[in-house]
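In full-length UniProt numbering, the protein residues as written are 1 to 421. Beta carbons: idealized from backbone N, C-alpha and C, even for Gly. Everything numeric in this text was worked out from a predicted model, so none of it was measured. Heads up: the structure comes next, in structure tokens.
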Amino acid sequence: MQNRPSGGRWTLTRRRMLGLSGMTAGLVAAGITRCAPGGDHATGPQGTTPAGATPVGDTQTSRITAPAAAGVLGANVNQDLDTLNLAELHAVSATWLQAFYLMQNADRGNVADQPGMQKLTTAVEQGYGTVLNLSFPYDNGVPTSGSGAMQVALRRLEKVLAVVMGKVDVLVIGNEPFFESSRQDRATPVINEFYETLAQHTVQYRQQHPEAGKTQIYMGALTSLESLPAAEVAQINRWLDFAKNTPAIAGTDCHPHVASLTDAQRYPSYILPRLRPDQKFLATEFSLVRLYAKHLKDPVSTTFADRYGIPPGTLVWQVGASATQRPFPQAEWNDFLTSSPWFENNKNFMSDTMAYFRDTGRCAMAGWGLFQDAGGAKNVGPDTLPWVFNTMFCPYTCQPGVDGLPGRNVTWAAEFRSLQR
1 MQNRPSGGRW TLTRRRMLGL SGMTAGLVAA GITRCAPGGD HATGPQGTTP
51 AGATPVGDTQ TSRITAPAAA GVLGANVNQD LDTLNLAELH AVSATWLQAF
101 YLMQNADRGN VADQPGMQKL TTAVEQGYGT VLNLSFPYDN GVPTSGSGAM
151 QVALRRLEKV LAVVMGKVDV LVIGNEPFFE SSRQDRATPV INEFYETLAQ
201 HTVQYRQQHP EAGKTQIYMG ALTSLESLPA AEVAQINRWL DFAKNTPAIA
251 GTDCHPHVAS LTDAQRYPSY ILPRLRPDQK FLATEFSLVR LYAKHLKDPV
301 STTFADRYGI PPGTLVWQVG ASATQRPFPQ AEWNDFLTSS PWFENNKNFM
351 SDTMAYFRDT GRCAMAGWGL FQDAGGAKNV GPDTLPWVFN TMFCPYTCQP
401 GVDGLPGRNV TWAAEFRSLQ R
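Written out as structure tokens, the structure reads:
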């Protein structure tokens with residue numbers, strides 16, 4: 001039974017008051033910190049796992065048949081392959097899966113034995129189409145040619161290639177290279193030199209291993225193309241020139257996390273004229289997170305506030321943060337979103353963007369967030385990017401559903417399912 005007062009009023013328990021600090025104190029000031037819904041079993045991000053995380057079996061009884069990589073919409077799990085539950089993919093009718101792998105993890109024993117890689121291998125064996133981005137974060141300077149750091153990067157690459165080449169359908173060299181490097185590096189050709197070396201090494205590996213021929217090679221995801229920093233233009237264009245002039249490269253990835261459909265359209269509009277006609281693009285992540293960020297300081301709708309007894313003037317970010325502290329029932333989370341004009345008026349963003357991508361005739365695969373992750377749910381505040389609004393499953397803001405899976409954002413789950421081919 002839910003531990004909620006009659007009339008739906010949100011209250012503050014003594015036990016929760018004793019644990020408040022930082023961001024949560026701001027929620028108290030607004031009067032919206034809640035009792036634990038459903039009792040202590042709904043641990044949320046303060047426990048060892050989010051509420052409802054991987055509660056059911058991770059296998060499915062029948063093998064699926066993934067369509068070709070031609071305008072497909074897949075599920076993106078970011079770096080969280082190790083927590084992937086194939087039942088979640090099945091629940092939204094997904095046939096393609098995308099993730100990224102942090103390359104420093106290649107130093108942690110046998111790559112093939114790591115839980116995330118085992119989950120990826122299982123997905124391949126079950127018939128899912130798969131895209132894996134290789135993430136090389138270097139905040140303090142990317143390795144330069146001939147350096148010891150470059151040798152380390154190449155050794156890591158070799159370890160991962162030995163596990164995934166010939167298994168995954170698409171391997172992407174880089175996750176978000178222009179975010180995962182220093183401001184200085186991305187303003188100079190050093191970023192290009194590093195990733196070109198990695199790409200050439202990968203191409204050579206595939207040439208030397210005929211069994212790896214299944215795997216297409218793409219360059220990593222371009223970002224911020226809707227407002228491209230002047231200092232990065234030359235490097236972005238060199239990135240695309242390298243892809244165009246390297247026959248073994250199938251195209252490039254991009255991540256349109258934007259504030260409008262128009263901004264999302266700028267990505268293929270910039271990329272495609274700079275590639276060969278036979279090349280395609282990926283959009284392994286896309287969302288309206290930057291639009292949502294503009295509305296975090298809006299008051300929640302009076303309809304939602306009245307229904308759930310929320311104090312007048314409570315702000316969007318405060319409700320989002322409260323949900324990460326004590327997950328809502330699924331219906332309440334969805335009421336919060338659909339009562340918000342900034343969300344409801346853009347509920348067709350996924351469909352509209354996919355229609356544009358598909359109309360180009362050159363989108364191989366796009367990816368939508370499958371589930372919230374711990375990083376995106378941490379410290380939700382008035383000036384953070386609200387990743388918690390983007391995903392189909394909401395383990396950090398929703399209580400588990402009746403099927404044992406995490407509660408879901410019903411808008412995105414329905415949109416995603418309708419777009420499957």
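Take the Cβ of residue i as the centre, count every other Cβ of all protein chains shown within 10 Å, and call the residue buried at 16 or more, exposed below.
i: Thr303; result: exposed
i: Ala355; result: exposed
i: Glu415; result: buried
i: Glu88; result: buried
i: residue 444; result: Since the first and last residues shown for the chain are 1 and 421, residue 444 lies out of range.
i: Ser135; result: buried
i: Phe349; result: buried
i: Leu157; result: buried
i: Gly407; result: buried
i: Gly22; result: Below a pLDDT of 50, predicted positions are generally treated as unreliable, and Gly22, at 40, falls in that range; no measurement from the model is reported.
i: Arg183; result: exposed
i: Val190; result: buried
i: Val163; result: buried
i: Ala36; result: In this predicted model, Ala36 has a pLDDT of only 33, less than 50, meaning its place in the structure is not dependable enough to derive any value.
i: Ser418; result: exposed
i: Phe343; result: buried
i: Arg362; result: buried
i: Pro341; result: exposed
i: Phe100; result: buried
i: Asp383; result: exposed
i: Val77; result: buried
i: Ala413; result: buried
i: Asn140; result: exposed
i: Asn192; result: buried
i: Asn409; result: buried
i: Asn245; result: exposed
i: Pro67; result: exposed
i: Pro177; result: buried
i: Phe281; result: buried
i: Asn179; result: The sequence shown places Phe at residue 179, not Asn. When all chains shown are included, Phe179 counts as exposed.
If you follow the beta strand (DSSP E) that residue i is part of, which residue opens it and which one closes it?
i: Asn76; result: Val72 to Asn76
i: Gly369; result: Cys363 to Gly369
i: Asp253; result: Ile249 to Cys254
i: Ile173; result: Val170 to Ile173
Rounded to the nearest angstrom, how far is the Cβ of residue i from that of residue j, given a contact under 8 Å?
i: Asp298; j: Leu315; result: 7 Å
i: Thr252; j: Tyr218; result: 6 Å
i: Asp185; j: Val131; result: The pair is not a contact, with the Cβ atoms about 25 Å apart (cut-off 8 Å).
i: Val203; j: Lys159; result: About 17 Å separates the two Cβ atoms, so there is no contact after all.
i: Gln420; j: Thr95; result: 7 Å
i: residue 430; j: Gln98; result: The displayed coordinates of the chain run from 1 to 421. Any statement about residue 430 would go beyond what the structure contains.
i: Leu272; j: Thr360; result: 6 Å
i: Pro329; j: Gln399; result: 5 Å
i: Arg63; j: Gly127; result: 5 Å
i: Glu232; j: Asp263; result: Between Asp263 and Glu232 the Cβ distance is about 17 Å, and since that is not below 8 Å, they are no contact.
i: Gly129; j: Ala69; result: 6 Å
i: Leu81; j: Gly116; result: 3 Å
i: Val258; j: Leu222; result: Wrong, their Cβ atoms sit about 13 Å apart, outside the cutoff.
Which stretch, first to last residue, makes up the alpha helix (DSSP H) that contains residue i?
i: Phe136; result: Careful: Phe136 lies outside any alpha helix (DSSP H) and carries neither H nor E.
i: Met350; result: Phe349 to Asp359
i: Gly148; result: Gly148 to Val164
i: Ile191; result: Val190 to Gln208
i: Tyr218; result: Element bounds for Tyr218: not the alpha helix (DSSP H) but the beta strand (DSSP E), Gln216 to Leu222.
i: Arg337; result: The amino acid at residue 337 is misidentified as Arg; the sequence shows Leu. Counting along the chain, the alpha helix (DSSP H) containing Leu337 begins and ends at Gln330 to Thr338.
i: Ala283; result: Looking at the DSSP string, Ala283 is not in any alpha helix (DSSP H); the run it does join, the beta strand (DSSP E), is Lys280 to Ala283.
i: Ile64; result: Segment: none, Ile64 is in no alpha helix (DSSP H) and carries neither H nor E.
i: Ala187; result: Careful: Ala187 lies outside any alpha helix (DSSP H) and carries neither H nor E.
i: Arg290; result: Val289 to Ala293
i: Phe179; result: First-last for Phe179: undefined, no H or E at that position.
i: Gln235; result: Val233 to Asn245
i: Asp263; result: Leu261 to Ile271
i: Gly213; result: Careful: Gly213 lies outside any alpha helix (DSSP H) and carries neither H nor E.
i: Ser145; result: Looking at the DSSP string, Ser145 is not in any alpha helix (DSSP H), and its letter there is neither H nor E.
i: Phe304; result: Thr302 to Tyr308
i: Ala323; result: Val316 to Gln325
i: Glu344; result: Pro341 to Glu344
Could you check whether the Cβ of residue i sits closer than 6 Å to any heavy atom belonging to the ligand NAP?
i: His295; result: This structure does not include the ligand NAP; it has no bound ligands of any sort.
Self-check item: Sequence ranges, alpha helix (DSSP H) only - wholly within the segment 80-123, length at least 4
Solution: 86-91
Quiz prompt | At least 3 beta-carbon pairs within less than 8 Å: the segment 277-294 vs the segment 321-336 | solution = no
Quiz item: Is the segment 206-223 in contact with the segment 397-404, if contact means three or more CB pairs nearer than 8 Å?
Solution: no
Quiz item: Does the count of Cβ pairs from the segment 237-252 and the segment 373-390 closer than 8 Å reach three?
Solution: no
Exercise. Take every Cβ of the segment 75-88, pair it with every Cβ of the segment 367-375, and state whether three or more of those distances are shorter than 8 Å.
Key: yes
Quiz item: At what residue ranges does the segment 367-418 contain a whole run of the alpha helix (DSSP H), taking only runs of 4 or more?
Solution: 374-377 and 410-418
Exercise. Determine contact between the segment 214-232 and the segment 168-178, defined as no fewer than three beta-carbon pairs at a distance below 8 Å.
Key: yes
Quiz prompt | Touch test, the segment 101-108 against the segment 61-74, Cβ-Cβ under 8 Å, three pairs minimum | solution = no
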